[in-house]
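Visitor: Just so you know, the protein sequences line up as chains A and B, in that order. Under the working numbering, think of the first position of the first sequence as 139, with each following residue one higher. Under the working numbering, think of the first position of the second sequence as -12, with each following residue one higher. Virtual Cβ for every residue (Gly too), placed ideally from N, Cα, C.
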Amino acid sequence: MKAERIQAKPMTSISEIKEPLWEVIDLVKRYPGVVANDHVSLKLFEGSIHGLLGENGCGKSTLIKMLSGVQPPDAGRIRCRGEDVQLHSPTDARAKGIATVFQEFSIVPSLTVAENIFLGRLPTGKFGGVDWAAMNREAKAVLAEMEVDLDPEDITGDLSVAEQQLVEIAKALASDASMIILDEPTAALGLSEIDHLHKLLRRMRENGCAILYVSHRLDEVERIVDEVTILRGGQVVRASGETEISVDNIVAAMIGEDVGEHYPKTNNSREEIVLEARGLTTAKGVSDASFSVQAGEVLGLGGVLGSGRTEIALGLFGVDPLLAGELKIHGKPVKIKSPMDAIRAGMALVSENRKFDGLFPNFAAGGNITAAGLSSITRAGFLHLATEDKVTAEYIRKLEISPQADSKTINLLSGGNQQKVILARWLFCNADILIFDEPTQGIDVGAKLAVYRLINELTAQGKSIILISSDHDELLAMSDRIATVQHGTVIGITKASELSHVDLVKASSDEATHKLQESAA
Amino acid sequence: MKRIFDAQLLGPAIALIVIATLVALTTDRFLNPGNLSNLSLQVSIVALIAIGSTIVIITAGIDLSAGSMVALLTMLLAEMLKFMGLPLPLAILLVLGCGLTLGLTNGVLTAYLRIPSFITTLAGLIAFRGLALLFNNGSPIFSLDPNLEPLFYGSLLGIPLPFYYLVFFYGLAAVVMNYSKLGREIYAIGGNPSAAALSGINVRRVQTYAFAIAGFMTAVGAILMSARLNSGSPNYGQTLELQAIAAAVVGGASLAGGRGNVLATLIGSLTIVVVQNALNLNAVPTSVQNIVLGMIILAAVGVDMWRNELSSKISALFSLSSTKQRGA
Chain A
139 MKAERIQAKP
149 MTSISEIKEP
159 LWEVIDLVKR
169 YPGVVANDHV
179 SLKLFEGSIH
189 GLLGENGCGK
199 STLIKMLSGV
209 QPPDAGRIRC
219 RGEDVQLHSP
229 TDARAKGIAT
239 VFQEFSIVPS
249 LTVAENIFLG
259 RLPTGKFGGV
269 DWAAMNREAK
279 AVLAEMEVDL
289 DPEDITGDLS
299 VAEQQLVEIA
309 KALASDASMI
319 ILDEPTAALG
329 LSEIDHLHKL
339 LRRMRENGCA
349 ILYVSHRLDE
359 VERIVDEVTI
369 LRGGQVVRAS
379 GETEISVDNI
389 VAAMIGEDVG
399 EHYPKTNNSR
409 EEIVLEARGL
419 TTAKGVSDAS
429 FSVQAGEVLG
439 LGGVLGSGRT
449 EIALGLFGVD
459 PLLAGELKIH
469 GKPVKIKSPM
479 DAIRAGMALV
489 SENRKFDGLF
499 PNFAAGGNIT
509 AAGLSSITRA
519 GFLHLATEDK
529 VTAEYIRKLE
539 ISPQADSKTI
549 NLLSGGNQQK
559 VILARWLFCN
569 ADILIFDEPT
579 QGIDVGAKLA
589 VYRLINELTA
599 QGKSIILISS
609 DHDELLAMSD
619 RIATVQHGTV
629 IGITKASELS
639 HVDLVKASSD
649 EATHKLQESA
659 A
Chain B
-12 MKRIFDAQLL
-2 GPAIALIVIA
8 TLVALTTDRF
18 LNPGNLSNLS
28 LQVSIVALIA
38 IGSTIVIITA
48 GIDLSAGSMV
58 ALLTMLLAEM
68 LKFMGLPLPL
78 AILLVLGCGL
88 TLGLTNGVLT
98 AYLRIPSFIT
108 TLAGLIAFRG
118 LALLFNNGSP
128 IFSLDPNLEP
138 LFYGSLLGIP
148 LPFYYLVFFY
158 GLAAVVMNYS
168 KLGREIYAIG
178 GNPSAAALSG
188 INVRRVQTYA
198 FAIAGFMTAV
208 GAILMSARLN
218 SGSPNYGQTL
228 ELQAIAAAVV
238 GGASLAGGRG
248 NVLATLIGSL
258 TIVVVQNALN
268 LNAVPTSVQN
278 IVLGMIILAA
288 VGVDMWRNEL
298 SSKISALFSL
308 SSTKQRGA
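#1: Taking all protein chains shown into account, decide if SER40 of chain B is buried (16 or more other Cβ within 10 angstroms of its Cβ) or exposed.
#2: Just confirm the distance between the C-beta atoms of ILE604 of chain A and LEU439 of chain A, as a whole number of angstroms; I'd bet it's less than 8 Å.
#3: With a 10 Å radius around its C-beta and 16 neighbouring C-beta atoms as the bar for buried, classify GLN225 of chain B as buried or exposed.
#4: Kindly indicate if chain A contains any beta-carbon less than 8 Å away from that of ASN22 of chain B.
#5: Would you please state the rounded distance, in angstroms, between the beta carbons of GLU490 of chain A and ASP611 of chain A? I believe it to be under 8 Å.
#6: Just verifying my parser: in three-state terms, what is the DSSP assignment at GLN209 of chain A?
#7: For chain A, is any of its Cβ atoms less than 8 Å away from the one on GLY187 of chain B?
#8: Using beta carbons (cut-off 8 Å, strictly below), is ASP426 of chain A in contact with chain B?
#9: At which residues does the alpha helix (DSSP H) containing HIS610 of chain A begin and terminate?
#10: Within its chain, find whatever has a CB closer than 7 Å to the CB of ALA240 of chain B; leave out the 5 residues flanking it on each side and keep chain order.
#11: Buried or exposed for TYR99 of chain B, going by 16 or more other Cβ atoms inside 10 Å?
#12: Are at least three pairs of beta-carbons, each pair with one atom in the segment 368 to 378 of chain A and one in the segment 175 to 188 of chain A, less than 8 Å apart?
#13: Identify, in the order they occur along the chain, each residue of the same chain with its Cβ nearer than 8 Å to the Cβ of GLU193 of chain A, setting aside the five sequence neighbours on each side.
#14: Of the residues B:GLY187, B:ARG215, B:GLY170 and B:MET212, which one's Cα is nearest the Cα of ALA197 of chain B?
#15: Going by other Cβ atoms of all chains shown within 10 Å of its Cβ, with 16 needed for buried, is PHE203 of chain B buried or exposed?
#16: Drop a sphere of 10 angstroms on the beta-carbon of LYS633 of chain A, count the other beta-carbons inside from all chains shown, and report buried for 16 or more, exposed for fewer.
#17: Quick one: what's PHE429 of chain A bridged to in DSSP?
#18: Give the residues of chain A in contact with TYR166 of chain B, contact being defined as C-beta atoms less than 8 Å apart.
#19: Using DSSP with H/G/I as helix, E/B as strand and the rest coil, what is ARG217 of chain A?
#20: Short check: CB of SER213 of chain B to CB of THR61 of chain B, under 8 Å?
#21: How long is the line joining the alpha carbons of ASN217 of chain B and ASN179 of chain B, rounded to whole angstroms?
#22: Answer yes if the segment 427 to 438 of chain A comes into contact with the segment 590 to 602 of chain A, meaning at least three C-beta pairs across the two stretches below 8 Å, and no otherwise.
#23: Using 10 angstroms around the beta-carbon of ASN594 of chain A, count the other beta-carbons present and answer buried if the total reaches 16, otherwise exposed.
#24: Where do the ends of the alpha helix (DSSP H) carrying GLN303 of chain A lie?
#25: Taking CB distances under 8 Å as the criterion, tell me whether ASN179 of chain B reaches chain A.
#26: Assuming ILE38 of chain B and VAL249 of chain B make a contact with CB atoms under 8 Å, what is their CB distance in whole Å?
#27: Between the alpha carbons of PHE566 of chain A and GLY511 of chain A, how many angstroms are there, rounded?
#28: Could you tell me the alpha carbon to alpha carbon distance between ILE388 of chain A and ASP321 of chain A, rounded to whole angstroms?
#29: Roughly how many whole angstroms lie between the Cα atoms of LEU227 of chain B and ILE36 of chain B?
#30: If you draw a straight line from the alpha carbon of GLU410 of chain A to that of TRP564 of chain A, how long is it in whole angstroms?
#31: With DSSP as the reference, identify every bridge partner of ARG168 of chain A, one or two as the case may be.
#32: Judging by CA-CA distance, which residue of A:PHE183, A:GLU344, A:SER384 and A:ILE349 is the nearest neighbour of ARG361 of chain A?
#33: Would VAL239 of chain A and ILE187 of chain A qualify as a contact pair, given that the criterion is a beta-carbon distance under 8 Å?
#34: Any beta carbon of chain A sitting closer than 8 Å to that of ARG215 of chain B?
#35: Quick one: is GLY398 of chain A buried, meaning 16 or more other Cβ sit within 10 Å of its Cβ, or exposed?
#36: How long is the line joining the alpha carbons of THR516 of chain A and ARG591 of chain A, rounded to whole angstroms?
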């Protein structure tokens, strides 16, 4: 098996032999405060499976969105068979031969398999009506070619997730695409289904498709892809042919050499226990999680996406009601049934999704900062607005927020400024236990440093922080201890200094393998 | 004061001035003192109800039930005065209480039972008028208390009373929306309900209050409607809810929630009434007037959409330039 794998991976790039079918040249995409794609180039060849890899936030999703016509690039070119192509919309991209199988399926559950496969281009008969017979016949042919045993007339919503995934792929195949993009296609699949998918991909490769394959499961990447491009911080760090395709090499390239240089961590942890959680269980993915947080400590929660880290935060903060378990703050048992209770108990939650769960886009900085502490500036039902103005001016100065924040609504500010305003909201509440869920996601380096300095300052004051981050470097560098979360429970707590980045990545992929075995069983 | 008279008033005010000038230039009787006084009487009912509509719209909800609720409440008032012989002040208090209760019901159904407000108040739109028909075999009730009419037609210091109602209720609403905790929370839940909940704001309660306020203001409008016509009728208030919503939207309230200004809604109400008045003075038939009202609503919502698009374009430009600055 191993020998065969190595044979299948030529070290020289195919580019020396053939002209690329699709080519991406110097694509640039900026979002407020961050350059998501910084001159990304890659070549896709006929009959080749190209792995696109990198850690969360490296710019993979952005690249895929641009290639599938969801977002236009700010600069750069996309070429097909040597000619420049503009992709104006997802429909346009599809018409030009790019089929994308997104992580979130784009199937319509209430329609049949065949209807989904031909959605948007149903075959028409003599009088302009849909030729149902032809549609079902052609759908059957596509499914047969895939060796998938599905009835074209089944309702798609009744199928298993894996089968729905196959319908998605059938849709891509039936559209005669010359480039097929698969974004985490195996996330929902079991072992045998993955095998089936891989067989299918190899056949598509023989038929001359160019396949762009995105996955976090490095072991399967190693098995299936012909070449890899690795992104880090929006840039290509390893172009095709520059990396030997093995898990260890890929991990090294993904992580990068410059680990641990920008983290000004100070240790302020004290013995005194501030928060103690025992057997926390919620209906939404937390089961029997126990841990404690000390004064001045940063407790990092490690684990992969969907392991239950965010869900633990939501349980602590009273968003998801606790079904079981007990919570003690400063040794006293507390009942937290709503975010209101949590705030009263001295907790704060900087949520993962700034836009959906954090910002009031209709307010300037002032309204955003005081939102969680309105009572403290209210007298007899009325707000003391002079205090609000004063407090706002103070935080704008202290956290170096753009002075425009004072008058402009917050949706007009950069991600970094927005995040600082939200941090100010919880500083204004004077919380003792702050939960930071992905606090530096999508913000620039300067703002990240400000967040780290703030963490140090807060812990120096004896406040405790629960840090959730998919940025492993950040998590390792800024935490005092790391609780590893799997399946909604804490499987172990280790001193951060005793862990390495490789340990964390390995633990994550261990879980992926674990899930795999579970679904196979 | 800067907070109350903010830039949001500017656009609607300019629109009103332009329209009023056009009307004044084309219709000679428009500027007659008699007509202007009539105009202020005409605007008062819509404008008072529009306070509630605006507040509900700011919470990202909608109240379609106001017009039918007016019909029901005028019938209730008429029933109390004519057949139950209740004294006027008590009857007025009871009708205000009924309006508040009906609004609370809309609010509870929307906030706690999580039925979209479009549906709860659509049900109200249909059901309240049906309820109104249950009184007096569905016939209007005329000649109510002799002290009722002066509430609408009376004047103080030479100024019609409805003017004072407008000043009082708009003043109160502006202060509550801009200076009170409740006002801030109403804007917050409309801007981002999820962020509001995570900030410890009781989203459902605030939503319910907004509908209760709307019910109360509808009752105020209903009492004035009864006073104006000295009667109650199950046919009163038709399309009033739409005029009130149109007033809010013409005044710049965003149907997406979180944005709106009650004083701008007063300007919006005036704009609509001025247009209606101009059509009346030029003897335009009711059918065409309805067509025009439809167009106004369409244009106002259209402007609302374009404005959102425009401001997002501006913000995109802004964020791009700020990234560039940082890069440099």
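Guide: Looking at the coordinates:
#1: buried
#2: 7 Å
#3: exposed
#4: no
#5: Not really, about 18 Å apart at Cβ, beyond 8 Å.
#6: coil
#7: yes
#8: no
#9: 610 to 616
#10: THR41, ILE44, ILE45, ARG246, GLY247 and THR252
#11: exposed
#12: yes
#13: ARG370, MET392, ILE393, SER608, ASP609 and HIS610
#14: B:GLY170
#15: buried
#16: exposed
#17: A:ALA415
#18: PHE520, LEU521 and LEU523
#19: strand
#20: yes
#21: 44 Å
#22: yes
#23: buried
#24: 299 to 312
#25: yes
#26: 6 Å
#27: 7 Å
#28: 18 Å
#29: 8 Å
#30: 23 Å
#31: A:VAL173
#32: A:SER384
#33: no
#34: no
#35: Model confidence at GLY398 of chain A stands at a pLDDT of 46, short of 50, so the residue's coordinates are unreliable and nothing is read from them.
#36: 31 Å
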